[in-house]
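Shown next, in structure tokens, is the structure this report addresses.
Structure below.
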């Protein structure tokens with residue numbers, strides 16, 4: 004498919020905010036405290052913590068080609084240790100959002116509006 008032939012460049016950039024956090028979180032889970040950006044050509048998406056069900060995935064459109072780590076994580080704490088595929092979602096235009104596989108879950112990445 005033509006979409007698969009798109010040249011994908013991925014940049015995952017993220018910042019970890021340190022502070023007092025008393026909530027119990029599973030180590031290595033992706034959360035909105037660890038935001039990331041996904042770049043495909045000239046379009047940038049912000050990864051959200053919204054998990055997409057398999058029923059909402061239309062088709063695979065690519066795979067993560069490159070990861071740029073800005074923050075270092077311990078092996079078990081890295082929420083981005085297994086980035087995978089990129090998906091077209093049902094009822095959402097690619098210009099508005101995509102699905103990104105991270106650690107065997109698919110997360111919504113929304114178009115980043117320039118401010």
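Residue numbers (the working numbering): 4 to 118. Glycine residues also receive a C-beta, built at the ideal position from the N, C-alpha and C atoms. These numbers were taken from a predicted model, which means no experiment stands behind them.
Residue 39 sits buried, since 16 or more C-beta atoms from the chains shown fall within 10 Å of its C-beta.
No residue range can be given for residue 93, since it is assigned to no beta strand (DSSP E) and is classified by DSSP as neither H nor E. Looking at the DSSP output, residue 45 bridges to nothing.
In terms of CA proximity to residue 88, 108 leads the group 108, 54, 49.
Take the alpha-carbon of residue 56 and the one of residue 105: they are about 13 Å apart.
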